[in-house]
Amino acid sequence: MTNSSTENKNQQPEKLAENPESPLSVPTHTHPVNMQHRISQQTGLEAAFMGLVTIMDELREGCPWDREQTIDTLRSMTLEETYELTGAIDEKNWSDLKGELGDIMLHLLFYARIGKEEGKFNLKDVLDGISDKMIRRHPHIYGDIQVRDAEEVKRNWQQIKQQKEKTSILSGVPKGLPSMVKAARIQEKASQAGFDWPDGDTVSVYNKVLEELNELSEAAASYDQAHIEEELGDVFFSLINYARFLKVDADKALESCNQKFILRFNRMEALAAASGKSITDKDQSFEALDQLWELAKKQLKQESINGKGKTDVH
Numbered sequence: 001m002t003n004s005s006t007e008n009k010n011q012q013p014e015k016l017a018e019n020p021e022s023p024l025s026v027p028t029h030t031h032p033v034n035m036q037h038r039i040s041q042q043t044g045l046e047a048a049f050m051g052l053v054t055i056m057d058e059l060r061e062g063c064p065w066d067r068e069q070t071i072d073t074l075r076s077m078t079l080e081e082t083y084e085l086t087g088a089i090d091e092k093n094w095s096d097l098k099g100e101l102g103d104i105m106l107h108l109l110f111y112a113r114i115g116k117e118e119g120k121f122n123l124k125d126v127l128d129g130i131s132d133k134m135i136r137r138h139p140h141i142y143g144d145i146q147v148r149d150a151e152e153v154k155r156n157w158q159q160i161k162q163q164k165e166k167t168s169i170l171s172g173v174p175k176g177l178p179s180m181v182k183a184a185r186i187q188e189k190a191s192q193a194g195f196d197w198p199d200g201d202t203v204s205v206y207n208k209v210l211e212e213l214n215e216l217s218e219a220a221a222s223y224d225q226a227h228i229e230e231e232l233g234d235v236f237f238s239l240i241n242y243a244r245f246l247k248v249d250a251d252k253a254l255e256s257c258n259q260k261f262i263l264r265f266n267r268m269e270a271l272a273a274a275s276g277k278s279i280t281d282k283d284q285s286f287e288a289l290d291q292l293w294e295l296a297k298k299q300l301k302q303e304s305i306n307g308k309g310k311t312d313v314h
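According to the UniProt record's numbering, the sequence shown is numbered sequentially starting from 1.
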């Protein structure tokens, strides 16, 4: 695969596969847009897509490494590719974003190919399924429903999903999501169901954070590890909810903090090295390291003000 860190590490051959029995088939739906006509105007796009599908098919049949792969062996590689994609998004690196989207698309074709081999589904089934879902869940585009804003669209989406699947509102939250992302999705879905603080009531949500912090402090005083863990979880959950009310992506905010810490720590190491020392030297006291840390913060902030640094450090 192009730009795959996994392959660079393991020197594995490219991960490719899948070709349905017939050319790209576009599902036909009853809606105002003539999708067949639109696709006919995109022969270049169709050729490019089918070219990748054909490559996937050929490599799955001819490459020993590709033939060995299963949905289980691909899982960790797909996660890695997804994180590489989010990294490109966070860095606003459009060139890398294009490449990572290609890698993700390749994985999607790989899973579709395996699904076909197992007799579970094929690529056309996947495309038909997502097309049907999007049309069904957007009656304001493909039907007579009218909506006022994006929030109403989300509420309609949830109602339509519930009517079809007859499951719990929270059952749609993927179990494999990272905990912070999962918490945000749980809160969002609960809000769509009407279980939420009044819109814009950030004061009440902040007070809930303070309440949870007080309960954590009480738990810490008890030295009961199970209780401490429970209350710490409540603090995290309430903070993520507060971030939602502030319209801040909690996961992105934490990652920005991670990168800021790394930047400062690297500068602290450089400052120590400039004086002929290392931060790991046994004679380095905490006070000395703290002084280096504060100096690193000051330098990076000044560089940010002067426009020399790429990162806004506060």
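Idealized CB from N, CA, C, for every residue including glycine.
For Thr73, the enclosing alpha helix (DSSP H) starts and ends at 71-90. DSSP places His107 within a helical segment (H, G or I) once states are collapsed to three. Between the alpha carbons of Glu84 and Glu100 lies a distance of about 7 Å.
In this chain, the alpha helix (DSSP H) harbouring Asn241 covers 225-245.
Contact between Ala272 and Ile279 holds: their C-beta atoms lie close to 5 Å from each other, under 8 Å. Lys282 and Leu289 have their C-alpha atoms some 12 Å from each other. Of the other Cβ atoms in all chains shown, fewer than 16 fall within 10 Å of the Cβ of Ser171; this residue is therefore exposed. Gly233 and Met180 have their C-alpha atoms some 10 Å from each other.
Our two residues, Gly307 and Gln299, have alpha carbons roughly 12 Å apart in a direct line.
Look at Ser285 here: in three-state DSSP terms it is coil, with no helix or strand label. A contact is defined here as three or more CB-CB pairs under 8 Å, and the segment 44-58 meets this definition with respect to the segment 108-116.
Three or more pairs of CB atoms, one per stretch, sit closer than 8 Å, so the segment 232-249 contacts the segment 202-219. Counting C-beta atoms within 10 angstroms of its own C-beta, Gln187 has 16 or more neighbours from the protein chains shown and is therefore classed as buried. Excluding five sequence positions before and after Lys116, the CB atoms of its chain that fall closer than 6 Å to its own CB belong to Asn122, given in chain order.
Between the C-alpha atoms of Pro178 and Leu292 there is a straight-line separation of about 34 Å.
With 16 or more other Cβ atoms from the protein chains shown falling within 10 Å of its own Cβ, Ser191 counts as buried. In the DSSP annotation of this structure, the continuous segment of the alpha helix (DSSP H) that includes Ile186 starts and ends at 179-192.
Counting only the Cα atoms, Glu80 lies some 25 Å from Lys120. The DSSP-derived three-state label of Gln299 is helix.
An exposed status is given to Val203, since fewer than 16 other beta-carbon atoms sit within 10 Å of its beta-carbon.
Minimum Cα-Cα distance from Ser304 among the listed residues Lys260, Phe286, Lys247 corresponds to Lys260.
Nearest to Lys189 by alpha-carbon distance, out of Asp201, Val173, Glu287, is Val173. A residue is called buried when at least 16 other Cβ atoms come within 10 angstroms of its Cβ; Gln225 does not meet this threshold and is exposed. For His140, the enclosing alpha helix (DSSP H) covers residues 139-142. Remark: C-beta atoms of Asn156 and Ile145 approach each other more closely than 8 Å. The criterion of a C-beta distance shorter than 8 Å is satisfied by Glu215 and Glu231. Judged by DSSP secondary structure, Gly129 falls within the alpha helix (DSSP H) whose first and last residues are 123-136.
One alpha carbon belongs to Phe195, the other to Glu294, and they sit about 44 Å apart. Between Val153 and His140, the C-beta gap is smaller than 8 Å, which places the two residues in contact.
Within its own chain, no residue has a Cβ closer than 8 Å to the Cβ of Glu118 once the five positions on either side in sequence are excluded.
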